[in-house]
Amino acid sequence: MKKVRYILLLSAFAACGKGIGPTPKEVPELGVICGTVKFLGAWPDSTAEVRVAVYEEYPPKNFYDVKAFSDPLPVGVDSTAYKVMVSPGTYGWIMVAWRGEGRFWGPESFLGMYLDPDDPSHPGEVTVGPGEEVGGIDILADFSKRGQLPPEVIEVLEEQGVTYRPAPDGRGLGPGTGVPRR
Amino acid sequence: MTDLEGRFVLEVPPGTYTVEALLVGYGPARREVEISPGDTTKVVLKLEERPLKLPPVVVTATKKAQPLREVPISTSVVGKDELRARPAQTLDQVLRYVPGVELKGGEVGIRASTGYSQGAGSRVLLLVDGAPAITGDTGGINWDAIPAGEIERIEVVKGAGSALYGSNAMAGVIQVFTRRPSRTPRTWLRMAAGCYDRPYHPEWRWSSKLRTFYSFELSHSRRLGPLGVLISGSRQRSDGYRQNGDYLRHRLMGKLEAEPFPGSRADLTLHWAEEDRGQFLYWKSQEHALEVPEEMLGDRVYSGKFRFNGSFRLAFGPELAALFRGYTYRTYWHNFFHDSHDRSRALRAGCEARAEASLGELSFTLGGEVARDGVSSSMFGDHRLWDVAGYVQTEWKPSPLTTLTLGLRYDRQVVDGGDKVESQVSPKFGATFRLSPEMVLRASMGRGFRAPSVAERFTDAYIAGFRVVPNPELRPERSWGYEVGLRWTSGNLVADLALFQNEYWDLVEPQAVPGSPLVRMANVTRARVRGVELDLTAGLPLGFYGSLGYTYIVPREGRIAQPYGPEFLQALQPLEDSRELPYRPRNRLVASVRWKGGPFSAEARFRYASRVRRVKMYPQDERVPQYVVDLLGGVRLRNCTFSFRVDNLLQYHYTEVERNLAPIRSFTVTLTAEL
Numbered sequence: 000m001k002k003v004r005y006i007l008l009l010s011a012f013a014a015c016g017k018g019i020g021p022t023p024k025e026v027p028e029l030g031v032i033c034g035t036v037k038f039l040g041a042w043p044d045s046t047a048e049v050r051v052a053v054y055e056e057y058p059p060k061n062f063y064d065v066k067a068f069s070d071p072l073p074v075g076v077d078s079t080a081y082k083v084m085v086s087p088g089t090y091g092w093i094m095v096a097w098r099g100e101g102r103f104w105g106p107e108s109f110l111g112m113y114l115d116p117d118d119p120s121h122p123g124e125v126t127v128g129p130g131e132e133v134g135g136i137d138i139l140a141d142f143s144k145r146g147q148l149p150p151e152v153i154e155v156l157e158e159q160g161v162t163y164r165p166a167p168d169g170r171g172l173g174p175g176t177g178v179p180r181r
Numbered sequence: 000m001t002d003l004e005g006r007f008v009l010e011v012p013p014g015t016y017t018v019e020a021l022l023v024g025y026g027p028a029r030r031e032v033e034i035s036p037g038d039t040t041k042v043v044l045k046l047e048e049r050p051l052k053l054p055p056v057v058v059t060a061t062k063k064a065q066p067l068r069e070v071p072i073s074t075s076v077v078g079k080d081e082l083r084a085r086p087a088q089t090l091d092q093v094l095r096y097v098p099g100v101e102l103k104g105g106e107v108g109i110r111a112s113t114g115y116s117q118g119a120g121s122r123v124l125l126l127v128d129g130a131p132a133i134t135g136d137t138g139g140i141n142w143d144a145i146p147a148g149e150i151e152r153i154e155v156v157k158g159a160g161s162a163l164y165g166s167n168a169m170a171g172v173i174q175v176f177t178r179r180p181s182r183t184p185r186t187w188l189r190m191a192a193g194c195y196d197r198p199y200h201p202e203w204r205w206s207s208k209l210r211t212f213y214s215f216e217l218s219h220s221r222r223l224g225p226l227g228v229l230i231s232g233s234r235q236r237s238d239g240y241r242q243n244g245d246y247l248r249h250r251l252m253g254k255l256e257a258e259p260f261p262g263s264r265a266d267l268t269l270h271w272a273e274e275d276r277g278q279f280l281y282w283k284s285q286e287h288a289l290e291v292p293e294e295m296l297g298d299r300v301y302s303g304k305f306r307f308n309g310s311f312r313l314a315f316g317p318e319l320a321a322l323f324r325g326y327t328y329r330t331y332w333h334n335f336f337h338d339s340h341d342r343s344r345a346l347r348a349g350c351e352a353r354a355e356a357s358l359g360e361l362s363f364t365l366g367g368e369v370a371r372d373g374v375s376s377s378m379f380g381d382h383r384l385w386d387v388a389g390y391v392q393t394e395w396k397p398s399p400l401t402t403l404t405l406g407l408r409y410d411r412q413v414v415d416g417g418d419k420v421e422s423q424v425s426p427k428f429g430a431t432f433r434l435s436p437e438m439v440l441r442a443s444m445g446r447g448f449r450a451p452s453v454a455e456r457f458t459d460a461y462i463a464g465f466r467v468v469p470n471p472e473l474r475p476e477r478s479w480g481y482e483v484g485l486r487w488t489s490g491n492l493v494a495d496l497a498l499f500q501n502e503y504w505d506l507v508e509p510q511a512v513p514g515s516p517l518v519r520m521a522n523v524t525r526a527r528v529r530g531v532e533l534d535l536t537a538g539l540p541l542g543f544y545g546s547l548g549y550t551y552i553v554p555r556e557g558r559i560a561q562p563y564g565p566e567f568l569q570a571l572q573p574l575e576d577s578r579e580l581p582y583r584p585r586n587r588l589v590a591s592v593r594w595k596g597g598p599f600s601a602e603a604r605f606r607y608a609s610r611v612r613r614v615k616m617y618p619q620d621e622r623v624p625q626y627v628v629d630l631l632g633g634v635r636l637r638n639c640t641f642s643f644r645v646d647n648l649l650q651y652h653y654t655e656v657e658r659n660l661a662p663i664r665s666f667t668v669t670l671t672a673e674l
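Residue numbers (numbering that gives the first Met the number 0), protein chains in the order written: chain A, 0 to 181; chain B, 0 to 674.
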């Protein structure tokens with residue numbers, strides 16, 4: 000009986016602090032896309048967030064169907080490493096998205112995308128297996144070209160009835176913009 | 000029969016007799032007596048108190064008092080003794096230990112009805128003394144608006160209940176009964192104080208200050224002439240275990256009760272509560288899980304709630320009774336966030352009239368309800384919703400061993416004076432068969448629905464970087480619930496086993512508007528939840544008492560390619576292209592062992608939920624199962640009870656809602672005094 004009590008007590012203390020810890024553990028069935036984002040141009044003062052967004056296909060059928068986001072990237076830096084955890088599969092479009100304070104994610108968020116190393120005129124495709132980490136997915140994010148989406152993506156947006164023209168400040172014009180906030 | 004003092008006289012011929020005394024609530028006392036001719040013998044019999052073990056009676060399942068064994072649907076009861084042994088700050092802390100009940104970020108679900116609905120209203124109806132406690136704007140539940148210290152009993156009905164209760168009773172009904180005024184003067188005081196432990200991981204230690212909390216509750220009850228009066232008030236304050244986790248709450252309650260004439264009862268309850276709290280939306284990062292992103296530091300919410308509930312019950316003899324109820328529930332909140340200052344005022348007002356009649360083996364319940372939601376909000380706009388409903392329920396006992404129940408309710412909801420009109424017809428059927436004195440078999444099926452709240456239909460705001468737009472075309476969520484159960488009572492053991500299947504249509508979720516940067520609430524999901532639940536309670540030797548509840552579910556969402564027949568038959572058709580419903584653990588276990596010896600008591604409680612297989616917002620985040628152990632100990636000295644409690648003894652860290660760490664270990668000392 001004493002032994003049982005001792006084991007119970009010991010296991011209780013051994014269990015302390017278990018569960019989630021400060022260091023994120025990777026979910027085994029997920030894969031990882033990682034690399035470096037290099038920023039060009041001046042960071043806008045109104046920056047709220049910058050993230051890497053991963054889409055299944057290029058051009059995406061629905062611009063808002065993002066399969067995974069990175070955590071927010073540090074603001075004001077010249078370059079930073081990033082990591083996005085994704086379900087195993089092939090991803091056709093990996094892009095960097097910016098959001099200003101009080102603004103929402105949208106076509107005007109686009110800053111740059113991962114390009115095919117063999118044909119830099121096209122976005123690069125990445126295939127990730129379960130538990131696999133695919134590195135070297137480096138992206139150039141240029142603030143001077145904010146909102147300048149590739150023509151294929153604009154075409155898809157227009158097919159869906161969205162008239163998209165990047166405004167001079169990169170905010171773009173489309174449904175929802177300019178609606179007064181309650 | 001003895002007189003009121005227990006005196007009796009028996010005239011008997013000479014001889015030897017055994018005299019036995021019986022009294023409800025006492026054990027029998029016997030004595031052998033020899034009577035000689037002409038003698039008068041004085042016999043004193045001492046009765047020993049033996050509390051009655053009457054079968055529990057519930058009212059929520061059928062809107063009338065009924066022994067639990069005759070209820071055709073799974074029903075759990077949290078009684079006075081359990082509530083007293085486990086003093087809780089808020090009602091949701093108690094509900095976490097009811098089998099089949101889940102809580103996530105303040106949203107309650109029954110048997111996986113609600114994962115984390117992100118802005119959808121409650122799929123479980125909460126009633127306080129018979130009146131709905133669902134807010135008029137968001138259709139949600141404010142747990143701090145329920146007077147936890149004044150709760151006498153809680154009943155949880157698991158399964159669609161719209162045939163009697165209408166909207167929100169889609170997955171079940173939770174009813175809270177508050178304490179009634181006592182006949183003799185009674186003052187009750189409870190003081191609790193405690194602190195959170197330091198976070199286990201040094202990286203999470205964000206504050207050098209000891210994070211403390213306290214609460215103070217005082218209640219007085221007495222008779223004033225023909226009136227029973229209860230007044231109570233409380234103050235609760237906490238620093239919180241994480242940034243923006245602090246709160247300050249005040250509450251006042253008054254209750255009057257009277258019996259104006261024989262066979263009648265009237266009561267009136269007024270309840271006011273306010274809360275000023277910080278807002279923790281999500282953590283800064285997993286490395287800083289108890290901190291909010293810097294810009295959110297100082298985000299706060301102030302809210303106020305005022306509830307009025309009055310009822311009058313009149314019995315015209317044992318066969319006929321009528322009940323009239325009126326209620327209002329006014330809520331107000333104001334967000335002081337770094338990027339928005341929204342506010343909302345809502346008033347839900349309603350009334351109900353009900354008649355109950357018994358004709359031999361048949362009994363009828365017939366009623367009607369009218370409710371109105373009025374909302375004025377910077378986020379949802381100004382809107383009015385009307386609900387009108389009528390219902391009927393019949394219970395038939397074709398034999399002493401069988402009870403059959405049939406019910407039907409019609410609801411009509413009118414939005415903004417007729418812009419949108421919705422009608423719902425909700426039937427139910429239930430049966431119980433007593434297989435033996437110890438064993439009862441039950442079966443039930445019923446329909447549920449939830450009318451979208453004003454917030455779901457009309458939210459117009461920027462939330463977390465997205466623009467949310469109204470969707471006035473939103474339809475009600477619908478459900479059908481099916482259950483077969485077996486209840487077995489033997490001596491000190493009660494076992495209840497239930498097999499269930501719940502079908503859901505048009506569950507509301509946030510959805511991107513195709514081809515635009517907008518989000519709106521939409522009817523998205525068709526779901527099916529199948530499962531089994533086991534609920535065991537046992538009185539054990541040496542003053543021990545144990546309970547165990549286990550629920551296993553298979554929660555799937557998908558579609559039926561070519562549905563045929565009426566909705567309730569779709570349960571038999573296979574769900575295609577199905578995948579796991581998000582935020583639903585498949586396994587849940589709650590267990591407790593309580594011990595009582597003289598003035599001392601102790602309890603260990605454990606709850607487990609398996610790792611959720613799917614989440615929607617951050618699937619890349621680490622997910623873990625939940626293992627939580629709580630310890631309680633107490634000693635009763637005269638009219639005072641001192642208790643000590645450790646919550647999350649093992650400092651186990653988990654999230655119920657993504658990027659929200661559940662409470663870390665805390666220590667509480669409580670003094671309860673009854674004067």
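Glycine included, every Cβ here is placed at the ideal spot set by N, Cα and C.
Are there any heavy atoms of the ligand COA lying less than 7 Å away from the beta-carbon of methionine 94(A), as far as the coordinates show? No copy of the ligand COA appears in this structure; indeed no ligand is present at all.
Of all the CB atoms in chain B, is at least one closer than 8 Å to the CB of alanine 52(A)? no
When you compare each of Asp44(A), Glu158(A), Gly123(A), Val31(A) to glutamate 182(A) by their alpha carbons, which one comes out closest?
Chain A is shown only over 0 to 181; residue 182(A) falls outside these bounds and no answer can be derived.
Review point. What is the residue span of the beta strand (DSSP E) that phenylalanine 305(B) lies within?
Key: 299 to 314
(message) Any beta carbon of chain B sitting closer than 8 Å to that of leucine 114(A)?
(response) no
*Going by DSSP, name the residue or residues bridged to alanine 388(B).*
Glu368(B), Asp410(B)
Checklist entry - Along chain A, which residues have their Cβ under 7 Å away from the Cβ of glutamate 286(B)? => result Pro21
### chain A contacts made by the region 202 to 216 of chain B, where a contact means CB separation under 8 Å
Glu202, Trp203
Review point. According to DSSP, which residues form a beta bridge with leucine 247(B)?
Key: Arg236(B), Asp275(B)
**Prompt:** Can you name the residues of chain A whose CB is closer than 7 Å to the CB of valine 623(B)?
**Reply:** Gly18, Ile19
> Can you name the residues that DSSP bridges to leucine 124(B)?
Replying inline: Val172(B)
Where lysine 79(B) sits in the DSSP three-state scheme:
helix
Which of helix, strand or coil does DSSP assign to glycine 99(A)?
-> strand
Residue span of the alpha helix (DSSP H) that contains valine 76(A), given as start and end:
Looking at the DSSP string, valine 76(A) is not in any alpha helix (DSSP H), and its letter there is neither H nor E.
Grouping DSSP H, G and I as helix and E and B as strand, with all else coil, what is leucine 51(B)?
Model confidence at leucine 51(B) stands at a pLDDT of 49, short of 50, so the residue's coordinates are unreliable and nothing is read from them.
**Q.** Residues in the region 29 to 50 of chain A having any Cβ partner in chain B nearer than 8 Å
**A.** Leu29, Ala47, Glu48
message: At the 8 Å Cβ level, is threonine 183(B) part of the contact set with chain A, yes or no?
response: no
**Q.** Closest Cα partner of valine 467(B) within the set Val518(B), Gly445(B), Arg456(B), Gln242(B)
**A.** Val518(B)
Is lysine 144(A) helix, strand or coil when you go by DSSP? helix
Going by the beta-carbon positions, is the gap between threonine 550(B) and glutamate 532(B) smaller than 8 Å?
-> yes
Exercise for the section: Give the residues of chain A in contact with leucine 660(B), contact being defined as C-beta atoms less than 8 Å apart. Expected result: Ile19
_Since valine 483(B) and alanine 442(B) should fall inside the 8 Å C-beta cutoff, what is the C-beta to C-beta distance between them, to a whole number of angstroms?_
5 Å
**Asked** Are the C-beta of alanine 67(A) and some C-beta of chain B separated by less than 8 Å?
**Response** yes
* Alpha carbon to alpha carbon, what distance is there between aspartate 505(B) and glutamate 115(B)? -> Checking the displayed sequence, the identity of residue 115(B) turns out to be tyrosine instead of glutamate. Their backbone Cα atoms lie some 16 Å apart in a straight line.
Checklist entry - Under the three-state reduction of DSSP, which class applies to tryptophan 142(B): helix, strand or coil? => result helix
- Could you tell me whether the Cβ of lysine 24(A) comes closer than 8 Å to any Cβ of chain B? yes
**Asked** Is any beta-carbon of chain A found at less than 8 Å from that of glutamine 619(B)?
**Response** yes
Once the 5 residues before and after glycine 111(A) are set aside, which same chain residues still bring their CB inside 6 Å of it?
Val95, Ile138, Leu139, Ala140, Asp141
Checklist entry - What's the call for lysine 41(B), buried or exposed, on a 16-neighbour Cβ count within 10 Å? => result exposed
Under the three-state reduction of DSSP, which class applies to alanine 570(B): helix, strand or coil?
helix
Any chain B beta carbon closer than 8 Å to tyrosine 63(A) = yes
- Task: Name the residue from Thr667(B), Glu360(B), Tyr651(B) whose alpha carbon lies nearest to the alpha carbon of leucine 660(B).
- Result: Tyr651(B)
Inset, instruction - Output yes or no for whether 8 Å exceeds the beta carbon distance between aspartate 128(B) and threonine 268(B). - result: yes
Tell me whether the beta-carbon of phenylalanine 448(B) lies closer than 8 Å to the beta-carbon of arginine 411(B). no
Using 8 Å as the limit for Cβ to Cβ distance, is leucine 9(B) near chain A? no
Worksheet item: Counting along the chain, where does the beta strand (DSSP E) carrying phenylalanine 643(B) start and finish?
Response: 639 to 646
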